[in-house]
Structure formats: structure tokens, C-alpha cells
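To keep things clear, I will list the structure first and then write my remarks on it.
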Amino acid sequence: MKSPDHKPDDTDRRIINALQEGFPICTRPYAEAAAALDLDEYELIERLARLRKAGVITRFGPFFDAAAMGGAFCLCAMEVPSVRFEAVTAQVNARPEVAHNYERAHRLNMWFVLATETPEGIDAAARAIEQASGLSVLRFPKLEEFYIGFRMVA
Amino acid sequence: MSLDTIDRKIVEATQSGLPFVAEPYGEIATRLGLDEAEVIDRLTALQMRGVVRRVGVAPNHYALGMPANGMTVWDVEDAEASALGTNIGQLGFVSHCYLRPRALPLWPYNLFAMVHGSDPSEVEEKRAVIARLLGPACRGNDVLYSTRILKKTGLRLARNSTSKGDG
């Protein structure tokens with residue numbers, strides 16, 4: 000057994016590249032996926048479990064389109080004065096609607112995604128953040144999402 | 000798009016991941032008191048409806064030696080944006096690609112493409128590939144590097160409620 004922080008080897012990388020989509024929905028899906036990769040079913044299971052435990056993959060399974068399930072999403076950005084950055088971060092992160100939040104090197108230095116149960120919830124959450132912080136929240140809802148074709152990361 | 004009670008249970012049981020056993024859908028079915036065939040049929044139907052976007056791995060770019068993450072942003076002609084975005088999405092190093100509204104005058108960009116690399120110079124090389132592909136239809140561009148993750152919560156469906164996600 001390799002240590003949890005081991006570097007992924009070539010087989011691991013091959014698995015990660017091949018299994019970003021199209022994992023079968025059938026009784027023995029690992030066996031089917033393993034055959035396509037010329038691996039043994041249990042080796043694939045063991046490697047995926049190890050990669051997941053080591054954090055090389057953050058999740059393995061179905062990815063759901065939350066919007067298709069009735070939710071609403073919006074990428075938002077703020078220009079936060081550096082002296083207030085930590086305080087505003089706390090105000091933004093305190094809202095449960097904020098799914099993730101990144102500091103980015105730009106005049107618009109805080110970028111986060113709002114996820115709410117209804118489309119109206121986006122505006123309410125953005126306005127609440129504006130009131131709490133006294134800063135504008137720019138909203139960048141997706142107008143169109145482009146299909147990601149050939150996936151290659153590893 | 001609505002999910003019935005059983006669909007919802009299946010979403011809740013699988014959204015954090017599939018079990019690493021030979022018959023993962025069978026194990027989910029056992030946990031939920033359903034037949035394996037019903038779980039497989041329902042997940043297949045959800046995939047056909049687009050509620051399941053894909054089944055597979057979510058790679059951790061940091062752990063795979065690609066810690067640099069640049070949100071590349073482009074100001075392209077509205078009339079050509081859909082066709083150009085479709086081309087950008089086909090590039091193997093682009094992990095997300097969206098058309099979004101501009102916020103003038105501060106933000107002139109409407110096409111967003113997330114790019115990963117081992118260091119900023121690799122992200123810059125990939126950005127140059129996108130620039131060449133867009134050609135004269137692009138009036139300006141920028142790249143925003145993430146300097147810190149301030150919050151990250153997974154995509155979660157709240158119990159007896161609707162959804163949270165990654166827009």
C-alpha cells in the first residue's frame with residue numbers, strides 16, 4: 000500500500016483521463032470500465048478508492064445538474080478594498096447560499112457562486128451581501144454553457 | 000424539472016460518491032430498500048433527462064501537479080459568441096466554458112474559459128492558443144489567477160428540499 004499522498008502513476012493518470020465521464024450505469028460497472036482500460040476489476044476499484052482517499056480525485060460518481068433539479072446559480076464578483084478583505088470574506092462566507100468563493104488577482108478580487116432554491120433567491124442573497132458589506136455585487140449568470148469535449152487533465 | 004421521492008433519495012444517496020464495491024448500484028439499492036434494477040433504471044433515466052450530467056471522477060488539479068488555475072475571460076462579438084464558445088469548449092485543457100453578460104464599463108468580457116496548468120507560464124501558453132483560435136473576433140482579454148480558496152462546499156441537495164450547485 001502506497002502512502003496517502005503518493006504521486007499518481009501512469010495507470011492512475013490513464014484512469015483519471017478515461018473516467019471523467021461515461022462510467023457505466025449497470026450491475027458491474029467497474030468490471031466494464033476496467034475491461035476498456037485493460038485492467039482488472041478489483042485493481043480499478045482499489046486504485047479509485049486510493050485516489051479518492053489521497054484526494055487526487057475529489058469525488059467519484061454521478062454529477063447532477065442542480066439547475067435541472069430546480070435550483071438557481073450565479074457567478075458573482077466584488078471589488079473589495081484590501082483593508083476590509085478578511086471582514087468581507089467572513090460576511091460573504093457566512094451566507095449559506097455561497098457555494099464557493101475564490102480570491103483572484105484582479106480589481107474584482109472576490110469571486111463566488113450563489114446557489115439558491117429559486118431564481119428569486121439569487122437576487123435576495125446578492126442584495127443581502129450588498130447591504131451587509133456596503134459593496135456592489137456584480138452578477139454574471141450563465142447565458143450559455145458550452146459542452147466540454149475531450150477531457151484531458153492528468 | 001421535478002424529481003419524485005425515490006429519485007430524490009437516489010440523488011441524496013449518490014451525490015457524495017459511489018461506493019467502491021463491485022456492485023455499487025446494488026449497494027445503493029440495499030441502503031435505500033430498493034431493487035438494484037430500479038436504481039439503475041432511474042439513474043439511466045435521469046442521465047437521459049440531463050439531471051445526471053456525467054458519471055465519473057472529479058480530478059483535483061492541485062494533486063495532479065496543476066496548481067495554477069486561470070479564469071481566462073474574453074470580449075467577443077455577441078453574434079459569434081456561441082460558435083466561438085463551442086470551439087473553445089473542445090480544447091482539452093479547458094475545464095469549463097460559459098457565455099455570461101458583461102458588466103460595463105468595469106467588465107467588458109462575455110466569454111469565460113477555465114484553464115489549468117502546472118504554473119502560470121503554462122496557463123499563458125494555453126491562453127495564447129485560445130487567443131489564436133478566437134482571432135479578430137476577440138476585442139480584448141484578461142486572465143484572473145486564483146490566489147486563495149476562501150470557501151468550498153460540495154454540490155449538495157438539501158434533505159426534503161431542492162438544490163445547491165456549481166453554476
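Going down the list, the sequences are from chains E and D. Quick note: the first sequence uses numbering that gives the first Met the number 0, first residue 0, plus one each step. Quick note: the second sequence uses numbering that gives the first Met the number 0, first residue 0, plus one each step. Every residue gets a Cβ at the ideal spot worked out from N, C-alpha and C, and that includes glycine.
Inter-residue spacing [alpha-carbon to alpha-carbon] between residue i and residue j
i               : j               : result
V38 of chain D  : M109 of chain E : 40 angstroms
F59 of chain E  : R12 of chain E  : 15 angstroms
Q90 of chain E  : K151 of chain D : 15 angstroms
A104 of chain E : R94 of chain E  : 23 angstroms
A102 of chain D : A124 of chain E : 19 angstroms
A127 of chain D : Y108 of chain D : 17 angstroms
T88 of chain E  : C75 of chain E  : 13 angstroms
A34 of chain E  : P118 of chain E : 44 angstroms
E143 of chain E : G69 of chain E  : 17 angstroms
L2 of chain D   : T43 of chain D  : 14 angstroms
S81 of chain E  : L63 of chain D  : 31 angstroms
A157 of chain D : G134 of chain D : Note that A157 of chain D scores 48 on pLDDT, short of 50, meaning its location in the model is unreliable and no value can be drawn from it.
R49 of chain E  : E40 of chain E  : 14 angstroms
L38 of chain E  : A32 of chain E  : 8 angstroms
G54 of chain E  : L43 of chain E  : 16 angstroms
G166 of chain D : G120 of chain E : The predicted position of G166 of chain D is uncertain, since its pLDDT is 39 and thus under 50; a value taken from the coordinates is nonetheless stated next. Each residue's Cα considered, the two are about 14 angstroms apart.
G32 of chain D  : K52 of chain E  : 28 angstroms
I129 of chain D : A66 of chain E  : 28 angstroms
D8 of chain E   : F22 of chain E  : 21 angstroms
V122 of chain D : A78 of chain D  : 27 angstroms
H60 of chain D  : S120 of chain D : 16 angstroms
R126 of chain E : S132 of chain E : 10 angstroms
N86 of chain D  : F139 of chain E : 21 angstroms
G88 of chain D  : P100 of chain D : 18 angstroms
G139 of chain D : A67 of chain D  : 22 angstroms
Q130 of chain E : L47 of chain E  : 45 angstroms
E35 of chain D  : I27 of chain D  : 8 angstroms
G84 of chain D  : V10 of chain D  : 30 angstroms
K125 of chain D : M65 of chain D  : 13 angstroms
K6 of chain E   : E45 of chain E  : 15 angstroms
Three-way DSSP call (helix, strand, coil) for residue i in this model
i               : result
E78 of chain E  : coil
R147 of chain D : strand
D37 of chain E  : coil
M0 of chain E   : Below a pLDDT of 50, predicted positions are generally treated as unreliable, and M0 of chain E, at 42, falls in that range; no measurement from the model is reported.
L137 of chain E : strand
G64 of chain D  : coil
E116 of chain E : coil
I121 of chain E : helix
L142 of chain E : coil
V55 of chain E  : coil
G88 of chain D  : helix
R48 of chain D  : helix
S1 of chain D   : coil
P61 of chain E  : strand
Chain E contact residues for residue i, given Cβ-Cβ distances below 8 angstroms
i               : result
N140 of chain D : Under the 8 angstroms cutoff, chain E gives no residues; its nearest Cβ is about 13 angstroms from N140 of chain D.
G116 of chain D : What G116 of chain D touches in chain E: nothing, since even the nearest Cβ is about 11 angstroms away.
T13 of chain D  : G60 and P61
T85 of chain D  : F145 and Y146
T43 of chain D  : I24
7 angstroms Cβ cut-off: residues of chain D touching residue i
i               : result
P28 of chain E  : P23
T57 of chain E  : A57 and N59
V97 of chain E  : K150
L47 of chain E  : F19
D64 of chain E  : G49, V50 and R52
E40 of chain E  : A21
Q130 of chain E : Simply none; closest approach about 19 angstroms.
T88 of chain E  : L149
Within 8 angstroms, strictly: CB atoms of residue i and residue j
i               : j               : result
N72 of chain D  : D141 of chain D : This sequence places Val at residue 72 of chain D; Asn is not what is there. In this structure, D141 of chain D lies closer than 8 angstroms to V72 of chain D by Cβ.
L113 of chain E : F72 of chain E  : yes
L18 of chain E  : W106 of chain D : no
A82 of chain D  : L98 of chain D  : no
F111 of chain E : H99 of chain E  : yes
A12 of chain D  : R30 of chain D  : yes
I147 of chain E : Q46 of chain D  : no
P58 of chain D  : I15 of chain E  : yes
G55 of chain D  : D64 of chain E  : no
L110 of chain D : N92 of chain E  : no
C96 of chain D  : F145 of chain E : yes
G69 of chain D  : L143 of chain D : yes
T146 of chain D : E102 of chain E : yes
L134 of chain E : V97 of chain E  : no
E20 of chain E  : R53 of chain D  : yes
Contacts that residue i makes with chain E (C-beta to C-beta distance below 7 angstroms)
i              : result
E79 of chain D : What E79 of chain D touches in chain E: nothing, since even the nearest Cβ is about 13 angstroms away.
L2 of chain D  : M68
Chain D residues whose Cβ lies nearer than 9 angstroms to that of residue i
i              : result
L74 of chain E : Y97, R99, F111 and G166
Chain-ordered neighbours of residue i on chain E, where CB pairs are closer than 9 angstroms
i               : result
S145 of chain D : Y101, E102, R103, A104 and W110
W106 of chain D : A76, L107, L137 and F139
Chain D contact residues for residue i, given Cβ-Cβ distances below 8 angstroms
i              : result
P7 of chain E  : A62 and L63
G54 of chain E : N59 and A62
Residue i CB to nearest heavy atom of the ligand SAH below 7 angstroms
i              : result
Q46 of chain D : By its list of ligands, the structure shown contains no ligand whatsoever, and the ligand SAH lies outside what it can speak to.
Query raised in the report: Looking at C-beta atoms only, is the number of pairs between the stretch 108-127 of chain D and the stretch 90-97 of chain D that lie closer than 8 angstroms three or more?
Result: yes
Report task. Would you check if the stretch 50-59 of chain E and the stretch 14-28 of chain D touch, i.e. whether three or more CB-CB distances between them fall below 8 angstroms? Result -> yes
Query raised in the report: Okay, do the stretch 19-31 of chain D and the stretch 22-29 of chain E touch, 3+ Cβ pairs below 8 angstroms being the bar?
Result: yes
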